[in-house]
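The structure appears below as structure tokens.
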Amino acid sequence: MSLYTLPLAIGAPQIILIVVVVLLLFGGKKIPELMRGLGSGIKEFKDASKEEGSKKPSKEDNKE
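Its first residue numbered 1, the sequence shown is counted upward by one per residue in UniProt numbering.
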């Protein structure tokens, strides 16, 4: 393996460790709130990116 790809290899033990650390830091009651906030943030980002993608520049915008 290359030295550059080795740190990026995440397996099951690393994921389990991350989940345990998150549970210890935030507790079981706080996790649903965090996930809800993350989900709403992702939804807002997707909506904003779709809105920007649907805007087409008009000829008046190109005049300068």
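A virtual CB, placed ideally from N, CA and C, is assigned to each residue, including glycine.
Tell me whether residue i sits in a helix, a strand or coil according to DSSP, three-state version.
i   : result
G11 : coil
G41 : helix
G27 : coil
Tell me which same chain residues have a C-beta within less than 7 Å of the C-beta of residue i, skipping the five on either side of it?
i   : result
L34 : F26
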